[in-house]
Amino acid sequence: MQKLEDIAKKFSGQKILVVGDIIADVYLDGRISRVSREAPVLVLEEVGTRIVAGGAANVVANLAALGSEVYAVGVVGDDYHAESLKHILRDQEVHVEGIVTDKTRPTISKTRVVAGGRATVSQQIVRIDRELKDPLSKKMEAVLIGKLDKILPTIDGIVLSDYGSGTITSAVKKLVLNHAGKHKIPSIVDSRYSIGDFSGVGFAKQNDAELAKFVDRPITDMTSLIAAGTELLKHLNANGLLITRGEYGMSLFERGGAVHHIPVADRSEVFDVSGAGDTCVATFILALVSGLTPVVSARIANYASGIAVRKLGTSTVSISELVDVLEEVRFIARGGA
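Convert by adding 353 to the 1-based position in the sequence shown; the result is the number in this note's numbering.
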């Protein structure tokens, strides 16, 4: 049985590629001042703004926090949000040479206005999204493929983080999945809207709502969950499918028919689920390339997600936090149960 410190050391030696939609998650914090005289709306006094890595960049940040060597590939604009994200990732020693600048489009951003008063709990009151919906140009696609050609031969694992913003074009997808298949490199995709387009990937991660959308029917019980998961796994011809199910934990479907249901790690403190799926994906692929089985990798990812949801906003989970929790529950001593 591997000791936790041995697993942590293996995490630090892995080179992981993350390709996908890079997003700036912006949090604008305000204090409720009064009701406006101009309209029946609240006036907020801005007390601070912070930018954190979102989307594929959050997967990158989580992998870096877990100790791996990370290569980020994606598209940003020529703007303040792009520079902020690159600065954040460089501080985590992420390889950002694969992040290309497209001057014709803004960096994707999601600005959350968070407000509260002296006697009220701060909460999100509105989200403002900025994104160009036009497809990626052939020129930008060619630049991305050039970056991938240089990076792919060096890596141990691959994450495709598809938030529906068009970074993962058909050509990018084909290149990455063909390379992973040919060289037997573990890969995982998390696609918000187009999971059915990733046939041939090693593993896939979806939440139960996304799975229900793919099969075009509701998932109401264990029978319908297993039927839907089996259908998607067969469609993708993948080695495994990880379904996150909120308060019900996770379910792992493996090639060959085995299904493992993993209960939620901690029900006591759920503050914010933002980015928890990214934490799950990052931890799962890192455990997988470190030589752990898909089942044990999923269980470790479950604990990591449990840490993430106890933090406000999009956040990361460090290797020390994860090891502390696994030691607390005697994870290895119980055989990964």
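Every residue gets a Cβ at the ideal spot worked out from N, C-alpha and C, and that includes glycine.
Proximity to residue i [Cα-Cα], best of the options
| i | options | result |
| --- | --- | --- |
| residue 436 | 419, 455 and 423 | 455 |
| residue 494 | 367, 595 and 525 | 525 |
| residue 605 | 560, 467 and 459 | 560 |
| residue 552 | 420, 590 and 596 | 590 |
| residue 464 | 483, 446 and 458 | 483 |
| residue 537 | 505, 544, 523 and 570 | 505 |
| residue 296 | 503, 444, 479 and 632 | Outside the shown range of the chain, which is 354 to 690, sits residue 296, and nothing can be said about it. |
| residue 453 | 406, 668 and 439 | 439 |
| residue 636 | 654, 649 and 647 | 654 |
| residue 386 | 580, 571, 459 and 398 | 398 |
| residue 429 | 444, 445 and 406 | 406 |
| residue 507 | 448, 458 and 496 | 448 |
Residue i, DSSP secondary structure in three states
| i | result |
| --- | --- |
| residue 652 | helix |
| residue 485 | coil |
| residue 391 | coil |
| residue 538 | coil |
| residue 446 | coil |
| residue 385 | strand |
| residue 463 | strand |
| residue 496 | helix |
| residue 664 | coil |
| residue 639 | helix |
| residue 511 | strand |
| residue 587 | helix |
| residue 688 | Any reading at residue 688 must be qualified, since the residue scores a pLDDT of 46, below 50, and its modelled position is unreliable; no value is offered. |
| residue 557 | strand |
| residue 361 | helix |
| residue 433 | helix |
Nearest-angstrom Cα separation, counted from residue j out to residue i
| i | j | result |
| --- | --- | --- |
| residue 368 | residue 564 | 29 Å |
| residue 675 | residue 617 | 15 Å |
| residue 380 | residue 609 | 44 Å |
| residue 466 | residue 441 | 21 Å |
| residue 481 | residue 519 | 19 Å |
| residue 585 | residue 549 | 8 Å |
| residue 360 | residue 643 | 7 Å |
| residue 424 | residue 396 | 42 Å |
| residue 607 | residue 592 | 6 Å |
| residue 389 | residue 514 | 41 Å |
| residue 641 | residue 434 | 32 Å |
| residue 651 | residue 557 | 12 Å |
| residue 487 | residue 546 | 17 Å |
| residue 475 | residue 663 | 16 Å |
| residue 401 | residue 613 | 44 Å |
| residue 485 | residue 683 | 47 Å |
| residue 490 | residue 499 | 14 Å |
| residue 376 | residue 462 | 5 Å |
| residue 574 | residue 543 | 23 Å |
| residue 503 | residue 394 | 52 Å |
| residue 632 | residue 411 | 8 Å |
| residue 600 | residue 576 | 18 Å |
Counted within 10 angstroms of its Cβ, other Cβ atoms place residue i as buried (16 or more) or exposed
| i | result |
| --- | --- |
| residue 415 | buried |
| residue 371 | buried |
| residue 658 | buried |
| residue 630 | buried |
| residue 451 | buried |
| residue 669 | buried |
| residue 569 | exposed |
Close Cβ partners of residue i (< 6 Å) along its chain, the five nearest in sequence each way excluded
| i | result |
| --- | --- |
| residue 602 | 615, 616 and 617 |
| residue 540 | 511, 533, 554 and 555 |
| residue 374 | 408, 409, 516, 518 and 520 |
| residue 419 | 364, 639 and 672 |
Cβ shell of residue i (< 7 Å), same chain only, five flanking positions each side left out
| i | result |
| --- | --- |
| residue 678 | 656 and 660 |
| residue 681 | none |
| residue 358 | none |
Short CB-CB distance (under 8 Å) between residue i and chain E
| i | result |
| --- | --- |
| residue 447 | Note that chain E does not occur in the displayed structure, where there is just one protein chain. |
Closer than 7 Å: residue i CB and nearest the ligand FAD heavy atom
| i | result |
| --- | --- |
| residue 551 | Judged by which ligands are present, the structure shown has none, so any question about the ligand FAD falls away. |
8 Å Cβ shell around residue i - same chain, five flanking residues per side excluded
| i | result |
| --- | --- |
| residue 432 | 459 and 460 |
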